[in-house]
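Just so we're aligned: 55 in my numbering is position 55 of the sequence shown, and the numbers increase by one with no gaps anywhere.
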Amino acid sequence: MIAMLAVSSSKNIDQLQASFLAIHPRIETHARIYFRQVRSADEKAERIAEAIALAWKWFVRLAQRGNLP
Numbered sequence: 001m002i003a004m005l006a007v008s009s010s011k012n013i014d015q016l017q018a019s020f021l022a023i024h025p026r027i028e029t030h031a032r033i034y035f036r037q038v039r040s041a042d043e044k045a046e047r048i049a050e051a052i053a054l055a056w057k058w059f060v061r062l063a064q065r066g067n068l069p
């Protein structure tokens, strides 16, 4: 996904990752609350990981459009 960025320098990519990592705990907390009813620990972990991956994908898409949250 990072390779798809139309960013000229690795410094910009590092800034993008740092921005995402700043909001990562809130995303993970929200996913844990949303999937709290899932009984299987493996299934819950998979869903939380998928939610974080989708959040990253949308975050990068916003950056590509020039809109950073």
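C-beta: ideal position from N, C-alpha, C; glycine also. Given the structure is predicted, the values throughout are model-derived calculations rather than measurements.
Minimum Cα-Cα distance from F20 among the listed residues Q64, V60, R65, N67 corresponds to V60. Between the alpha carbons of I13 and N67 lies a gap of roughly 15 Å. Here A51 really is in contact with I27; their C-beta atoms are around 7 Å apart, less than 8 Å. When the alpha-carbon of H24 is set against those of D42, K44, K57, the nearest one is in K57.
By the neighbour-count criterion, in which a residue is buried when 16 or more other Cβ atoms sit within 10 angstroms of its Cβ, A31 is buried.
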